[in-house]
């Protein structure tokens, strides 16, 4: 061994010993370690799943699943300890022991919560990081899958594709999103108009309740099972896995992307899209993106329509030549592919990228970002759109993604699951602004722009309550400080409308002391 290697090894051992002794002198760490050791199989080394801030791996574990750089700064409040369970019993023990030690427990699946509520708090807290619990078991005999909540959507899609070219699942476009948060908050994607939401296909689940018990659908009862299919499961327990039904997809699907500027017929396309996209054939999903851009040194608006049709190019061209001739879709604008390749296309991978790319978790990959949401129930007029263009160009950085509803979404009752935004909603809007420069000045500018555009849109969107989508988390709507019923109602009715009351009833029954909580969780009535 060379002298340099020996010195390097000596420093590594010295740093490790310092880390171990620091953890040993941390009374919170010692209390948690002792409790977990009593609850978990004695043959297992519990310390391997615990990361205190003196552990050399603490920062990399914490940052791996931070998907919004706004919450990855030196001033961001950090967890006292990160718990990374390797099996279900570890989760049960973590729930029990966090209560005994007296710390709040935040639950992180994929880390895509836009406000960082799964890994940030202004009170001392632990993070229960589910990334190791990622197994996926596909059963083609009954066209179902058991998916652990630490798995990603990309991993789920890939595992389905390995078994079948004619099955899919109606979930999101970003492959690194965690299954746990996505499904518990409803979840949607390009199959929404054909099949509905991700949560509409949950047929069983396993959850750890406040007592540390592992319950399946039968054991938990239908009220709790209802709540964790769109109501935000982190208010009620720790979901370990969901059993979902797969859906059928054709061997060939067609995708297309068309862009227009205001100098072309962008306004006419945006106007017509509002009435056609939610009412056309349910096999067709169209997302409209509205973005201020610069062309020839002039600021203008770009309208982009991205579409997916469950069928061949001839079929969608014929359909839209009849329903939406203003779009001018032609065969040369279309690409036919397998459903799994359309997943890659929507995620902006290059053509020909193999499905194995969906297994890449892209850890430590995050922009600074802010998101908000709205629902449109009446088409915005041409004059309204023109005023919107003016406002968006004036603000400069905020884009809107409009996702068409209708089809199957109109057929499912708004009380079937906690997600209430069904019939009567033409499309959902996501407000989107990203930036790369750290610092408060840029953040204030960009978040203020998002708020200003949201305020401007008040005249065009749903009212009483003004609706929002839970998975587009937005703390501007309201936060809980004391977890009172009235505090929760502010954001609860935006996310869940009339279903807020039933969610409060479920919360009161299963977690009356409000152990499972975050800044926008469902409160129990007793508070």
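Numbering (mature numbering (1 follows the signal peptide of the UniProt record, and there is no 0)), first residue to last: -23 to -1, 1 to 504.
C-beta: ideal position from N, C-alpha, C; glycine also.
Bear in mind that the values here come from a model prediction, so they are computed numbers and not experimental data.
Label residue 240 either buried or exposed according to how many other C-beta atoms from any shown protein chain fall within 10 Å of its C-beta, with 16 as the threshold for buried.
exposed
So for residue 313, helix, strand or coil by DSSP?
strand
Let me know the secondary structure DSSP gives residue -3 once reduced to three states.
Low local confidence applies: a pLDDT of 48 at residue -3 is under 50, so the model's placement there is unreliable, with the coordinate-based value given in what follows. Helix at residue -3.
Where the beta strand (DSSP E) through residue 263 begins and ends:
261 to 272
Could you tell me if residue 93 is buried or exposed, where buried requires 16 or more neighbouring beta carbons within 10 angstroms of its beta carbon?
buried
For the beta strand (DSSP E) that residue 281 lies in, which residues bound it at each end?
275 to 286
Mind reading off the beta-carbon distance from residue 213 to residue 487? Whole number of angstroms is fine, and I expect it under 8 Å.
6 Å
Looking at residue 55 and residue 32, is the spacing between their C-beta atoms short of 8 Å?
no
Report the three-state DSSP secondary structure of residue 485 (helix, strand or coil).
helix
Distance between beta carbons of residue 23 and residue 10, contact taken as under 8 Å
6 Å
Alpha carbon to alpha carbon, how far is residue 186 from residue 19? Give it in angstroms, no decimals.
23 Å
Close Cβ partners of residue 48 (< 6 Å) along its chain, the five nearest in sequence each way excluded:
93, 97
By DSSP's criteria, residue 352 is part of a beta bridge. Which residues make up the other side?
405
For residue 239, which three-state DSSP category applies?
coil
Taking 8 Å as the cut-off, does the stretch 252 to 269 touch the stretch 291 to 307 (at least 3 CB pairs, one atom from each stretch)?
yes
Among 173, 336, 6, 251, which residue has its Cα nearest to the Cα of residue 356?
251
Quick one: Cα of residue 332 to Cα of residue 325, how far?
13 Å
Cβ distance (whole Å) where residue 215 is taken to contact residue 72 below 8 Å:
6 Å
In whole angstroms, what separates the C-alpha of residue 161 from that of residue 129?
13 Å
Quick one, which of 177, 310, 154, 317 has its alpha-carbon nearest residue 281's?
310
Alpha carbon to alpha carbon, how far is residue -3 from residue 52?
Its pLDDT being 48, under 50, residue -3 is placed unreliably in this model, and the coordinates cannot settle the point.
Which residue marks the beginning of the alpha helix (DSSP H) containing residue 423, and which one marks its end?
417 to 433
Taking only the alpha-carbon atoms, compute the straight-line gap between residue 169 and residue 8 and give it to the nearest angstrom.
47 Å
If residue 377 and residue 248 are in contact, beta carbons under 8 Å, what's the gap, nearest whole angstrom?
Incorrect: roughly 15 Å between the Cβ atoms, too far for contact.
Over the uninterrupted alpha helix (DSSP H) stretch that includes residue 170, give me the two end residues.
169 to 172
Is the beta carbon of residue 100 closer than 8 Å to that of residue 76?
no
Closer than 8 Å by C-beta to residue 35: which residues in its own chain qualify, once you throw out the five before and the five after it? Chain order, please.
28, 29, 59
Stretch-stretch touch, CB-based, cutoff 8 Å, three pairs: the stretch 416 to 431 with the stretch 461 to 470
no
Can you tell me the Cα-Cα spacing of residue 209 and residue 272, whole angstroms?
42 Å
Selection from 6, 63, 132 that minimises the alpha carbon distance to residue 79
6
Buried versus exposed, by CB contacts within 10 Å (16 or more), residue 111:
buried
Please report how far the alpha carbon of residue 371 lies from the alpha carbon of residue 422, in whole angstroms.
13 Å
Taking residue 194 as part of the alpha helix (DSSP H), name the residues at either end of that continuous run.
194 to 197
Between the C-alpha atoms of residue 351 and residue 120, what's the straight-line distance to the nearest angstrom?
34 Å
Applying the 10 Å Cβ sphere with the 16-neighbour rule, what's the burial state of residue 505?
Since the first residue of the chain shown is -23 and the last is 504, residue 505 is not available in this structure.
Could you work out which residue in 481, 493, 229 is closest to residue 503 when comparing CA atoms only?
481
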